[in-house]
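Quick mapping for you: the protein sequence lines, in order, are chains X and E.
Using our numbering, the first residue of the first sequence is number 1, and each one after it goes up by one.
Using our numbering, the first residue of the second sequence is number 1, and each one after it goes up by one.
Data first, discussion second: the structure below is written as structure tokens.
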Amino acid sequence: MDLSDTPGGPHCLDQYLDQALPGTRTWTRHCPGPGPGPGTARTNIEVVPADLLLLASSDPQGVCLLETANLDGETTLKQRRAVAGLGRPATEFDPENFNCLVVCERPNDNLNHFKCYVERPDKVRVGVGIESLLLRGCTVRNTDQVLGFVVYAGRESKSMLNINRPRYKRSKLERALNRDVLCCVALLFSMCLVGAVGHFMWRRSLPGTPPYLVPDPQGSLDAPSLSAFYMFFTMIILLQILIPISLYVSIELVKMAQVFFITNDVDLYDAEWDRRVQCRALNITEDLGQIQYVFSDKTGTLTENKMVFSRCSVMGTEYPHKENAVRLAVVDEPDPDQEVVFDQRPRRRRPPGWTLAGGEEEEEEESGSGAGQRPHAAPPRSKAARSAHGDVAFSSPLEKEVVPDKALLQQIVKIDFSGGGREVDPYLDFFLALAICNTVVVSTATAQRERLSQLSSGSVSTGPSYALSSLAQKVGSLRRSLASWKPLTRGASPDSQVLAPEEEEEEEVDEEEERGRASGRSGDMDALRSCRLVVDSDEVLFEAESPDEAALVYAAKAYGFTLLARGPASVAVRLPHGERLELEVLDTLSFDAHRKRMSVLVRHPVTGEMVLYTKGADYTLMELLGSPCAEQLNDDQRSVAANCQKHLDQYAKEGLRTLCFTRKTVSEREYSEWSTLRQTALAAMDNRGAQVRDSAVHLERDLSLLGATGIVDRLQDSVPDTIEALREAGIQVWVLTGDKPETAVNIAYACRLLDEGDMVINMSSKDKRQCASMLDCTLEAVRRYPPGPDGAVTDPTVAMVIDGRTLAMALESDLQERFVELARRCRSVLCCRVTPVQKSAVVKVIRDKLKVMTLAVGDGANDVNMIQAADVGIGISGQEGMQAVMASDFAICRFKHLRKLVLVHGHWCHSRLAHMIVYFFYKNVAYVNLLFWYQFYCGFSGTTVIDIWLVIFFNLFYTSVPPIMFGIMDRDVSAETLMGLPELYRLGQGEYKSSIFWVAILDAFYQSLVCFFIPYLTYRGSDVDVFTFGTPLNTVSLFTVLLHLSIEIKAWTAVHWGVMMGSVGVFFVSILAYNALCVTCNPPANPYWTLQAQMGDPVFYLVCLLTTVVALLPRYTFHVLRNTLRPSPLLLARNLERLAPAARRRWTQGWRGGTRGAAAEGTPREERTAPGEEGPSPTWTPPRPPRDTTTNAT
Amino acid sequence: MSKEENTANRPDNTAFTQQRLPAWQPMLSAGIVIPGFVIIGVAFIGIGVALFVTSQNIQVLEKDYTGIETNSSCFKCTNPRVKNCNCTINFSLDKLFEGPVFVYYGLSNYFQNYRKYGASKDAAQLTGDLAYFTEPSTSCVPYQRDAKDKPIVPCGSIANSMFNDTFKLFQIVNSGNVAVPLDGKGIAWWTDYNIKYRNPTTNPLKNAFNDTVKPIFWPRPAYELDTTNAANNGFINQDFLVWMRRSALPNFRKLYRRITEGEYAKGLPAGDYALVIGYNYPVKAFDGRKKVVFSNVSWMGGKNQFLGIAYLVIGSLCVVMSIVMLIVYAKFKFPDEE
């Protein structure tokens, strides 16, 4: 057991005690910190050294707050609670006396699951789950002392087991490369075979024993066949350079540089998070250039995942929150007057004598004084301070600030709070549910303190003055926000009652309003700020596990229901009139994917009534509605439900995320029955999760509907543009979301995944037969449209929307083929309500059946499967933690970055690497063949005509850097053009094909023949010696190989020139030095003065010149003719960059039109078939007027 | 948090990291390459003409003396049992063979480039290092030591197989045969003679070869290779040096002598000549042919028709290509060339 990394500070005393169970240890942590306050910050942060079962904590409730940022990047605090039944505070807990038996499951890597039971001395078993496990690597926060039992340590700890070995994905290009390397091996063997057979024939043809055959020490010669056998292996040694081992090293270097360039791209940098794009997989950069299908998550990927409360429906009445909607539209304001606003605000005083709805006079009075004090108490927050807070997840200003709806406010004010919320009011219930039915943690040092002190004293009461002033604050804040929003709201509801008092003070406000109007939106923003100032003055910070929860809590807060503290057994809420309401939490039925809801069971402190508040997806909750006294309430409930459903549908249409809230009064009897059921479930060892879930389901029934909320999740920047660009690039974009179809379809329209003219196939079926027939019918219908390679204008583009249940059926093996066939013909596919497993199943099916390259992009833990299943997984590092990023190959900050990442970097990486690989094969074959052709003139004896060192150096030094630089820096088309003409992406996908490989090999053979036989014919019959003959061969090869590369290089930068010249320079300088210094070295070559002698001979230069020209003439001519007669679109695009912007626009337009009508016109410019084209997907996306992006590509 | 801290991760916005380095993007299209083709074509034709003319002016006279044909005068020497066989080949020149005339011996089907043959020498021994006289490199096996285990110097197959035919040239004039003086100086590479191969400093040279034996095929030891010139012995014997520089191709010639002296310095005048060959070297075992080559040289070496013709052909091809390109260019223009 490895506990070596235990933290040890000057304040901490760590003990390790061997415990009753062999092989386990108890880790006790005593941190006698100086007490709460600023000084505790240091001791507050402590990293857990091993997986600990939490036995006790300094918290009276046995709670320990944990930050798991080290594990998953989530900065939210998570609660862990001590094992029930042992609960004594840490101070009283004596490890020496701990003699329970802990039985836990085998170490595994599941961070979210843990199964264990503790058998107490009295043989009672207590089931324990993940909620009591402190994982190694997490940070303990806000808890002074915890005491735990080490269950897993060292390599067995969950975090260590989670360290996956770097997942090795092999790129498509590398797979093709390996195939070609095998071809090279085959080529090598055949060449060696030729050598062996040649040697045999040569030996056989000799009439006697010539003097140049060297016998073995015994003086006899090997038989020709034996000699040929040996020669085969000699040839392998000689010609093994044919296998481009150096290629693999070069590829790694190139990929490193590509990763460097990708991560250094300013366009892929996100200033808000101060994050660059991360390349987590270093070896699949070029796969970005091969993508044919993109699978995207919706929430957090297409949308911002900044959940903002938008509107709600309470008891069947809709509150549209128009002001809030306006605010959301104006959110991205840069506000230079910010500081001034903060300074001015507090000075402005409102005279008393004003109430929201003509309420009690006392409150009015108080409100004036309260408002007077408040602004001073709240120091203006600078932008820096705000951004510091912004680092805490889910607390961006956008989400915090909710402008209340007047009508709803009015309803709240009507509630009689005098009885401490005793009255059962649906509005009160609704907001209470909003505030408490969640797992939001209020996390500040003060909150912590407050909670503890409250709990220890056991007192719920608060002084009346406190309540009053608090209420005054609240009312003041509301009033203020209303006043500020008036210019906008008045137009919307001019004769609203609520506004009546406001009119009276219009004179006072006018001045301010004028200023607000003058500066446009800043006036509105002033109002926001003022609202926020109030909120901030509470110094409360909510940390939620999901952004939806935070949004709801902030919404509740806007209406005065402020969540003050949350403990495991209690929750404190401040009501609008200021009273602090402490509710005893009897149980929390946490969220799970099956139930799709969560509940909180609380006991009302005053009435003593037990109430179950449930929050969840509408379709699950609507089914559970009902009432034990159905007869009386039926009509009422039914109309509420019907209205609410209507509103929900409307919300979904607007693309809002909907949640329903219900309440249920639980009787004592029911509770006690249920409680025992729950306890058994919790203590269960086997199948605990399902049992706990069932117990929750048992209680969650006969609920009565309170209302519903709509949360808006705005589209990220440039999402529609990005999707359109990806589609123009010939990539099919699928969206897989857990949301309901209505929401998803709405978002799809918003991000131009679906167009108005699209024929949308809606696949939703209850059973499999229906699903099958639906598939058949649709397929039949779709097949009727001709699958023209070019998107014919008249055909409707087909899009499919399929829900999770139907998808599950469609993915079954017998329907799979049909589904894939149909999906292939759809321009876009939208899968709704899919589970993470289904997401990955879809990706796998499409990837395997269609043999296409897939890219999955997502941001949440639910996308991890999909990201791992796809060929390229992209994680969006955003709101929902880091799991997606951890699983991904590339991590970006925004969906829009995908555009440049794929279209530009993907294209570049692939194009560069593909060209470099082909070049490497060519180079090796061309060079090795020189040695091979010589075998025909040396009796196939394996002689190297070039000094063996120079053969090695040739690949190692003289011709290694230029192709690597080519692979790193070549730029066939500029980034702007690639962004502007996404069509080029598709064309770049065929850069590496076997035909190109074989053409390169043939060219290599031709060039090597030229490079060998021109010197051969020149020196034939002369007195040239071996290495003098080899020198022009070597030199000519160098020039040919380098000039061949220079034909391939598309953009010559200074680096290119330097490297090329440098290579030639190094070649001559090093060989001259070698030949001058090496008199007797390297026998038998002894290449002394060889190059020098050759360089004194004019024939050498004549041979080099002629050979280089002849060797490169065909390729050069081919390039020239192809570029002139049938220029590739990439070349045309490159040419385009030279044109003036106006000419370019005109030309692009003509070109796009030309490619469409090219088949009819028969111009030679069109690219009729794209490489690897299959099926109906068009080579070019349907024609459209040139967009601005094209023209901007300057 | 200051502005800098906020953007600590911001990549550098430089032309290099953003891949915006200024670049020259050549467009290989017909219009652009026409001048290139024309220039290459013309230049090549020029070079080709010069080479061709030069090559045409070089005179070469080859005489095969293998003696395969039974009517050949050297036929009698092909029998390996005949020792110290001399044969004469007569030839006549009808015009002056311009000097300086180089005399080569040529061998065909002789693979001096055979891998094991090439390795079969001891470079250190050939630099005159006496340590390697007593202990020649194992690369010389089986010509490292003789049957009595005495070291062979120079060891190895290359030295052992040294060409040992001799040639004497006579002009037949009325008064009889006049010997044409053959100059054997400076026929090897200067670096071989002066740097790469060295004799031991022992004086006399013979002493250095004590306790060593001559290569098996050699008639005389290394220090007696040239009986007429004592300085031309040992490892710096010119004929030895020429032989040790292994030919790259199986059909080769090696320089034997130059005719640079006396009245023949200007060349061989027209007339009848007799070449007396000391026929020693057997070639039957490998179907080889032996010949004597008389040639004069130019700045580009010996006669070589190929290079001139190749330049002419490629030059013409380039000119033709430029015409093709012109037609292509006229028909298909690039948009920016309009």
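C-beta: ideal position from N, C-alpha, C; glycine also.
Note that the structure is a prediction, hence the values are computed from the model and not measured.
Beta strand (DSSP E) containing residue i: first to last residue?
i: X:Leu736; result: Gln732 to Leu736
i: X:Phe295; result: Tyr293 to Asp297
i: X:Ser190; result: No beta strand (DSSP E) contains X:Ser190, which is instead part of the alpha helix (DSSP H) from Lys172 to Ser205.
i: X:Ala856; result: Thr854 to Gly858
By the DSSP assignment, the alpha helix (DSSP H) with residue i in it spans what residues?
i: X:Val606; result: Unbroken run through X:Val606: none, as it is neither H nor E.
i: E:Cys140; result: It is not in any alpha helix (DSSP H) - E:Cys140 carries neither H nor E in the DSSP assignment.
i: E:Tyr279; result: Segment Gly271 to Tyr279 is the beta strand (DSSP E) holding E:Tyr279; no alpha helix (DSSP H) there.
i: X:Ile436; result: Pro426 to Ile436
i: X:Gly1065; result: Ala1054 to Leu1077
i: X:Phe233; result: Pro224 to Leu239
i: E:Lys116; result: Arg115 to Ala119
Counting only the same chain and skipping the five closest in sequence on each side, list residues whose C-beta sits under 8 Å from that of residue i.
i: E:Ile236; result: Tyr193, Tyr197, Arg198 and Asn199
i: E:Phe37; result: Cys318, Val319, Met321, Ser322 and Met325
i: X:Val63; result: Ser57, Gln79, Arg80, Arg81, Ala82, Thr143, Gly567 and Pro568
Grouping DSSP H, G and I as helix and E and B as strand, with all else coil, what is residue i?
i: E:Asn90; result: strand
i: X:Ser457; result: Summary for X:Ser457: the model assigns pLDDT 39, below 50, so the residue's position carries little reliability; its value from the coordinates is reported in the next sentence. Three-state DSSP puts X:Ser457 in a helix.
i: X:Thr1028; result: helix
i: E:Trp24; result: strand
i: E:Thr7; result: coil
i: X:Glu654; result: coil
i: E:Glu62; result: strand
i: E:Tyr110; result: coil
i: X:Ala696; result: helix
i: X:Asp1084; result: It is Pro, not Asp, that sits at residue 1084 of chain X in the sequence shown. DSSP places X:Pro1084 in coil when its eight states are reduced to three.
i: E:Trp299; result: coil
i: X:Tyr937; result: coil
i: E:Cys74; result: coil
i: X:Leu625; result: strand
i: X:Ser704; result: strand
Short of 6 Å in beta carbon distance, which residues of its chain neighbour residue i, apart from the five on each side in sequence? Order them along the chain.
i: X:Ile968; result: Val254 and Ala257
i: X:Arg136; result: Val48, Ala50, Asp51, Ser157 and Ser159
i: E:Pro181; result: Glu261 and Gly262
i: X:Ala823; result: Val829
i: E:Asp308; result: As written in the sequence, residue 308 of chain E is Gly, which differs from the Asp given in the question. Gly48, Leu51, Phe52 and Ser55.
i: E:Lys331; result: none
If contacts are defined as beta-carbon pairs under 8 Å, then residue i and residue j qualify, I think. What distance do you get, rounded to the angstrom?
i: X:Leu855; j: X:Asp871; result: 7 Å
i: X:Phe940; j: X:Gly198; result: 4 Å
i: E:Ile89; j: E:Ile277; result: 7 Å
i: X:Thr303; j: X:Leu715; result: 6 Å
i: X:Ile876; j: X:Lys298; result: With a Cβ gap of about 12 Å, X:Ile876 and X:Lys298 do not count as contacting.
i: X:Gly906; j: X:Leu288; result: 3 Å
Starting from the C-beta of residue i, find all residues in its chain whose C-beta is less than 7 Å away, skip the five residues before and the five after it, and write them out in chain order.
i: X:Leu779; result: Arg818, Glu821 and Leu822
Would you list, in sequence order, the uninterrupted alpha helix (DSSP H) runs of no fewer than 4 residues that lie entirely inside the region 187–253 of chain E? 205–208 and 238–244
Secondary structure, beta strand (DSSP E): runs of 3+ residues fully inside the region 982–1009 of chain X: none
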